[in-house]
Structures are given as C-alpha cells and as structure tokens.
Amino acid sequence: MKMSHLFAPTLREDPGEAEIVSHKLMLRAGMIRKLAAGVYSLLPLGLRVIQKVSNIIREELNRAGAQEIFLPVLLPSELWKETGRWDVYGKELFRVKDRHDREFCLGPTHEEIITDIARNNIRSYKQLPINLYQIQTKFRDEIRPRFGVMRSREFMMKDAYSFHATEECLQKEYKNMYDTYCRIFDRIGFKYKVVNADSGIMGGGFSQEYMVLADTGEEEIFYCEECAYAVSSEAKKSDNCPKCEGKSLNKTRGIEIGHIFQLGTKYSEGMKATYLDENNEEKPFIMGCYGIGVGRTAAAAIEQSHDKDGIIWPMAIAPYKVVIVPANSEDPEQMVMAKKIYGDLNHEETVLDDRPGRLGMKLKDADLIGFPIKVIIGKALKDGKIEIKLRKSGEVKLVEIGKIVEEINDLL
RNA sequence: CGGGGUGUAGCUUAGCUUGGUAGAGCGCCUGGUUUGGGACCAGGAGGUCGUAGGUUCGAAUCCUAUCACCCCGACCA
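For the first sequence, counting from 1, position 179 maps to 179 in full-length UniProt numbering; every step adds exactly one.
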C-alpha cells in the first residue's frame with residue numbers, strides 16, 4: 001500500500017471528545033470516526049486490526065473444533081419471550097417493529113437463537129457435543145456508552161455456544177475453550193489474567209473473565225504471583241491468596257475482553273430444547289457460551305501498549321507490519337531504492353510512504369499509527385546501508401542493502 | 001434515568017461576564033524555497049456561531065425551549 005493512497009486521516013491534536021488513550025489514538029491514527037454516541041465507523045486501518053484479531057480468533061476456534069456460523073441480527077421477540085429475557089433485558093435491548101407491527105430486537109447476544117436451532121436440528125446424543133460460533137456485530141443500548149469502541153452500542157463480538165449431553169462433557173469443552181482463549185490472547189501478545197466472575201444476565205453457573213492488564217482498566221483485580229489465582233474486586237474475600245497460604249495478593253486494573261460461561265440447562269429448559277439419550281429419554285442440552293469483544297480487544301491492545309508518540313502494535317495485530325520511509329522524497333536514489341525494497345516485500349503487510357514532505361512528518365505519522373518496523377532510507381544509503389528502526393524498543397540497525405529484505409522478513 | 005459540563009471553520013480553540021466588523025493556531029488549496037523527527041515565505045478557500053423561538057434598532061453574546069455530545073453512578077464483550 002502506498003501512503004499517498006491510504007485513507008488514514010491522522011490528527012495532530014487530541015480530539016476533545018476522547019478521554020482515554022486508546023480512544024484518542026484510534027481517532028488520531030485515523031482508525032475510527034464517530035457517527036453517534038457509541039457508534040463508530042471503521043476506516044481502513046481500524047478495519048484491518050479488527051480483521052487480524054478476528055482471523056486469530058477464527059483460526060484458533062477452528063483448530064479447537066468449533067464451527068463458524070452466521071446468525072441474523074434482526075431477531076423476532078417470540079424466542080426472547082420464551083426465556084423471559086424480552087422483559088428481563090430491559091432498555092438495553094434495541095427494539096424495533098416491522099410494518100406489520102411485529103416486534104423484533106437487534107441481537108445483543110444469541111443464546112435464544114442458537115438454542116432454537118439446536119432443538120430443531122439436534123435430536124440424538126450421537127450429534128453431541130457441538131460448538132458453534134460467529135463473529136458479528138452486536139447491539140446493546142448501553143445506559144452510558146463511553147471510551148470509544150471500549151464500550152459502544154454497536155460492536156463486533158465473537159460468540160460461541162456449545163451443547164453437551166453430560167456435565168463432564170461441558171467441563172471438557174469449557175477447559176478446551178479456556179485453553180483456546182489463552183492461545184488467542186498469547187498470540188496477540190497480551191498480559192492478562194483470568195478471574196472468576198459473576199455471570200450477570202447470562203445466568204447459569206460458573207464463569208470466568210479474561211482481563212487484559214492496563215492501568216486504565218475499568219475493573220480492579222487482585223492476583224497472586226505464585227500461582228494463577230486472580231479475582232475481581234467484588235468477589236475478593238481476603239488479602240491473601242487462598243491457594244498459596246500467606247501470600248499477599250497484588251492489586252492491578254484490567255479490561256474485560258473475554259468471558260466464558262457454563263450455562264448448564266438455563267436456556268434449554270426454558271425453551272424445551274432436548275435430545276434423546278442412549279436410554280431413549282428426553283434430556284435438556286447442557287450448554288456453555290464463550291464471548292470475545294473484538295473491537296475492545298483492539299482498544300485494549302492500545303491501552304496496554306503505547307507511548308507519547310502513539311500506538312505500539314503487537315506484530316500479530318498491527319494494521320501493517322512495515323513502513324518504508326525515504327528520508328528525502330526529492331532524492332531519486334532514495335526513492336528508487338524505497339520502491340525496490342517495497343517491491344521485494346509482501347505488499348499485503350507493507351506501506352511505502354511515498355508522500356512528498358519532510359522526514360519528521362512521516363516518522364511522526366508512522367509512530368502514531370504504530371507500524372512495528374520502520375525502514376528508513378536516507379543518508380546511510382551512500383555507504384550502501386539502510387536503517388531499520390523498531391517501534392517498540394527504538395532500537396536502530398544499519399543493514400547492508402543486499403541483506404535488507406532478509407533482515408526485515410526475519411523480524412516479521 | 002440522576003448529577004456535572006460542552007456545543008464557534010476539518011481539528012484545537014479566542015470572543016460571551018459588560019449586545020454593535022467572527023478572530024487565531026494547526027490542517028487544506030496555489031506558487032516558490034526546503035528535506036534526518038510534525039520546515040519557511042507569499043497568496044487563497046473554508047463559518048446557518050448546534051437548532052427553534054423570544055427580547056432588542058441590532059444577538060455568537062441576554063431569555064426560553066429543544067437537540068447533540070462528553071464526564072461521574074447503576075449495566076456489560
């Protein structure tokens with residue numbers, strides 16, 4: 001991609017509407033623009049990050065045996081009345097009527113719909129277990145949307161639902177999803193904790209939240225350095241770790257980006273969703289559900305990794321991995337070399353800053369957008385060398401022209 | 001929904017108290033000089049002052065209503 005062609009309207013100053021750093025930087029880097037409170041347009045850089053997060057989630061879930069589906073956003077009220085959530089969900093549910101005055105809502109989550117599919121299409125224990133997921137826009141009329149895409153009314157979410165014949169089978173899949181989520185967040189490069197949580201309106205039994213550690217996180221969490229134990233502030237019972245006796249708990253803040261639930265039979269009983277077991281007896285499905293906030297994951301990455309100059313993307317979800325910057329756009333030799341290197345690299349992950357203008361302006365934009373690798377073609381070219389500068393560490397390497405492509409590819 | 005606050009050019013904002021020509025910086029356009037961390041000079045475009053009423057000879061400024069947005073609280077990926 002050529003920078004002169006890329007639609008990334010960067011802002012030099014902080015927009016007044018943004019309070020937290022990820023919101024400010026997503027606006028300044030030209031990733032998002034607001035349409036209404038809690039409703040955001042994704043521009044090319046923002047969409048690319050969302051797609052990279054989605055792809056990692058998709059790869060790991062597929063590998064874990066889940067199957068991707070795509071459910072409607074527009075949902076008839078009948079299913080919601082079956083479980084009682086038409087009333088329980090309250091004002092947070094976006095309700096609409098069609099021309100015949102039939103009531104619908106815009107999907108905030110899809111337990112009812114997936115359970116309806118299961119009861120209509122799964123009859124035998126032999127068809128279990130199964131885990132179905134989708135990556136889709138969700139709607140929740142939040143009481144107070146805030147912090148950009150961190151808490152918006154329209155947002156991208158991955159939601160998965162599993163169906164089981166036995167409690168043991170649910171436990172096994174829950175553990176499978178637990179591990180899968182760890183792989184997903186490890187791949188992105190997060191520092192995170194898994195804490196026991198309140199299930200809220202989802203209901204059911206046990207649930208755990210994945211919290212990305214960041215000073216600006218909305219929730220206070222406590223964790224033990226010795227073992228994996230972590231807990232959110234409202235559930236904390238003592239100052240010491242219950243597993244490692246006497247060890248005191250450390251306090252930090254986190255952003256919830258994932259939540260896994262053991263639902264049990266709450267929805268299947270409410271909706272009479274049953275299968276026949278090996279004794280020809282009708283049994284309600286035992287269910288689990290597993291969510292990840294995709295947009296929030298991108299915002300959390302920025303909260304966790306940024307500096308005064310801008311975003312420091314982890315390699316795995318950077319919108320582009322490399323930017324090539326000729327120091328002087330009027331210098332023909334530098335431009336020829338920049339284009340040659342651009343030609344030798346993967347265009348899908350590389351931006352060539354071919355704009356006229358001074359080096360400082362281009363580097364400021366590059367640091368704001370957060371490309372992990374800057375390739376600067378400047379003064380050292382006379383000595384047959386090109387500069388590689390890493391966004392995260394600031395480390396600078398002078399590399400001989402002949403080795404530059406190999407060197408860059410080694411860093412990806 | 002309760003409490004607090006803000007709406008002036010694409011962005012950041014001055015002007016409002018005390019009514020009388022809408023101003024700046026950045027960005028944008030044209031020309032020139034520049035080119036290693038957001039350059040400089042010259043010229044230029046861009047404004048229903050959130051909206052609707054009212055007071056007044058005259059309203060960005062005063063009054064009323066209304067809308068939008070932001071922050072704190074309950075909710076959540």
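Every residue gets a Cβ at the ideal spot worked out from N, C-alpha and C, and that includes glycine. All of these numbers come straight from a predicted model, not from anything done at the bench.
Contact under 8 Å by Cβ, Asn-240 with Ser-248
Position 240 of the first sequence, counted from the start, is the residue given in the question as residue 240. Position 248 of the first sequence, counted from the start, is the residue given in the question as residue 248. The answer is yes: Cβ separation under 8 Å.
Report yes if the CB atom of Asn-121 is closer than 8 Å to the CB atom of Ser-162, and no otherwise.
Along the first sequence, one-based indexing puts residue 121 at 121. Along the first sequence, one-based indexing puts residue 162 at 162. No, Cβ-Cβ distance for Asn-121 and Ser-162 is not below 8 Å.
Hey, quick one: how far does the alpha helix (DSSP H) through Val-294 stretch, first residue to last?
Within the first sequence, the letter at position 294 stands for residue 294. Per DSSP, Val-294 belongs to the alpha helix (DSSP H) from 294 to 304.
What are the complete alpha helix (DSSP H) segments, minimum 4 residues, inside the region 303 to 386?
332 to 344 and 359 to 369
Where Arg-12 and Arg-358 are concerned, what is the direct C-alpha to C-alpha distance, given to the nearest angstrom?
Locating residue 12 in the first sequence gives position 12, counting from the first residue. Locating residue 358 in the first sequence gives position 358, counting from the first residue. When rounded, the distance between both Cα atoms is 16 Å.
Less than 8 Å between the C-beta atoms of Ile-255 and Tyr-178, yes or no?
Within the first sequence, the letter at position 255 stands for residue 255. Within the first sequence, the letter at position 178 stands for residue 178. Going by C-beta atoms, Ile-255 is not nearer than 8 Å to Tyr-178.
On a CA-only basis, which of Pro-326, Ala-299 and Gly-378 is nearest residue 458? Give me that one, please.
Residue 458 is absent from the structure shown; the chain starts at 1 and stops at 412.
Could you give the C-beta distance for Leu-75 and Phe-104, rounded to a whole number, given that I count them as a contact under 8 Å?
The residue labelled residue 75 in the question sits at position 75 within the first sequence. The residue labelled residue 104 in the question sits at position 104 within the first sequence. So it is a contact: roughly 6 Å between Cβ atoms.
What does the alpha-carbon distance come out to for the pair Lys-397 and Ala-338?
Working through the first sequence from its first residue, we reach residue 397 at position 397. Working through the first sequence from its first residue, we reach residue 338 at position 338. C-alpha separation (whole angstroms): 17 Å.
Looking at Ser-152: is its Cβ nearer than 8 Å to the Cβ of Val-39?
Taking the first residue of the first sequence as 1, we reach residue 152 at position 152. Taking the first residue of the first sequence as 1, we reach residue 39 at position 39. Contact flag set, yes.
Which ranges would you report for the alpha helix (DSSP H) in the region 31 to 116 if only whole runs of at least 4 residues count?
44 to 63, 77 to 83 and 85 to 88
Taking the continuous beta strand (DSSP E) assigned at Ile-135, which residues delimit it?
Within the first sequence, numbered from 1, the residue matching residue 135 stands at position 135. Looking at the DSSP string, the run of the beta strand (DSSP E) that includes Ile-135 is 130 to 139.
8 Å contact criterion, which Gly-107 and Lys-138 should meet: CB distance rounded:
Locating residue 107 in the first sequence gives position 107, where the first residue counts as 1. Locating residue 138 in the first sequence gives position 138, where the first residue counts as 1. Indeed, because the Cβ distance is near 6 Å, the residues count as touching under 8 Å.
Going along the chain, which residues of its own chain have a beta-carbon closer than 6 Å to the beta-carbon of Cys-227, five neighbours each way excluded?
Here the question's residue 227 lines up with position 227 in the first sequence. Contacts found: Lys-243 and Cys-244.
Among Ala-366, Arg-183 and Tyr-174, which has the Cα closest to the Cα of Thr-10?
For the purposes of this step, residue 10 is taken as residue 10 along the first sequence, with counting starting at 1. For the residues Ala-366, Arg-183 and Tyr-174, the minimum Cα distance to Thr-10 belongs to Ala-366.
Helix, strand or coil for Leu-159, going by three-state DSSP, please let me know.
Residue numbering aside, residue 159 sits at position 159 when the first sequence is read from its first letter. Residue identity differs from the one stated: residue 159 is Asp in this sequence, not Leu. Note: Asp-159 maps to strand in three-state DSSP.
So, Tyr-174 versus Gly-264, is the Cβ gap smaller than 8 Å?
If you number the first sequence from 1, residue 174 lands on position 174. If you number the first sequence from 1, residue 264 lands on position 264. Contact: no.
How is Thr-180 classed by DSSP in three states: helix, strand or coil?
The residue you call residue 180 lines up with position 180 of the first sequence. In the structure shown, Thr-180 sits in a helix (DSSP, three-state: H, G or I).
Name the two residues that bound the continuous beta strand (DSSP E) containing Tyr-125.
For the purposes of this step, residue 125 is taken as the residue at position 125 of the first sequence. Per DSSP, Tyr-125 belongs to no beta strand (DSSP E) and is neither H nor E.
Cross-strand partners of Arg-151 (DSSP beta bridge)
Taking the first residue of the first sequence as position 1, residue 151 is located at position 151. For Arg-151, which the question treats as bridged, DSSP gives the partners Arg-146.
Using alpha carbons as the reference points, say which of Phe-285, Lys-362 and Asp-215 lies closest to Thr-115.
The sequence position of residue 115 within the first sequence is 115, counting from 1. Comparing Cα positions, the closest option is Phe-285.
Which residues DSSP lists as bridging Arg-219, in chain order:
As a position in the first sequence, residue 219 is number 219, starting the count at 1. One point to set straight first is that residue 219 is Glu, not Arg, in the sequence displayed. For Glu-219, which the question treats as bridged, DSSP gives the partners Gly-254.
Skipping 5 residues on each side, what residues in its chain have a beta carbon closer than 8 Å to that of Ser-207?
Numbered from 1 along the first sequence, position 207 holds the residue referred to as residue 207. Result list for Ser-207: Asn-196, Ala-197, Asp-198, Ser-199, His-259, Ile-260, Phe-261 and Gln-262, in chain order.
I think Ile-257 touches Thr-297, with their Cβ atoms under 8 Å apart; what is that distance to the nearest whole Å?
The residue labelled residue 257 in the question sits at position 257 within the first sequence. The residue labelled residue 297 in the question sits at position 297 within the first sequence. Indeed, because the Cβ distance is near 5 Å, the residues count as touching under 8 Å.
Give me the Cβ distance between Ala-29 and Gly-370, rounded to the nearest whole Å; I'm assuming they're in contact under 8 Å.
Translated into positions along the first sequence, residue 29 becomes position 29. Translated into positions along the first sequence, residue 370 becomes position 370. Ala-29 to Gly-370, Cβ: 7 Å. Contact.
Going by beta carbon distance, what residues of the same chain come within less than 6 Å of Ile-69, once the five residues before and after it are set aside?
Your numbering for residue 69 matches position 69 in the first sequence. So the qualifying residues of the chain are Leu-132 and Gln-134.
Quick check on His-259: does DSSP put it in helix, strand or coil?
To locate residue 259, count along the first sequence from 1; it is residue 259. Here His-259 sits in strand by DSSP.
In its own chain, which residues sit with a C-beta less than 6 Å from the C-beta of Ser-329, not counting the 5 before and 5 after it?
Against the first sequence, residue 329 aligns to sequence position 329. Cβ within range, chain order: Pro-356.
Please work out which residues of its chain come closer than 7 Å, Cβ to Cβ, to Glu-278, disregarding the five sequence neighbours upstream and downstream, and give them in chain order.
The residue labelled residue 278 in the question sits at position 278 within the first sequence. Taken in chain order, the residues that qualify are Tyr-125.
Proximal residues to Arg-123 (C-beta, below 8 Å), its chain only, five neighbours per side dropped:
As a first step, residue 123 is located in the first sequence; it is residue number 123 there, counting from the start. Cβ neighbours of Arg-123 beyond the five flanking positions: Tyr-275 and Leu-276.
Check the C-beta distance from Met-157 over to Ser-22 and give it rounded, since I have them as a contact under 8 Å.
One-based indexing of the first sequence puts residue 157 at position 157. One-based indexing of the first sequence puts residue 22 at position 22. About 18 Å separates the two Cβ atoms, so there is no contact after all.
Range covered by the beta strand (DSSP E) that runs through Leu-411:
Position 411 of the first sequence, counting from 1, holds the residue named residue 411. Premise fails: Leu-411 lies in the alpha helix (DSSP H), 404 to 411, not in any beta strand (DSSP E).
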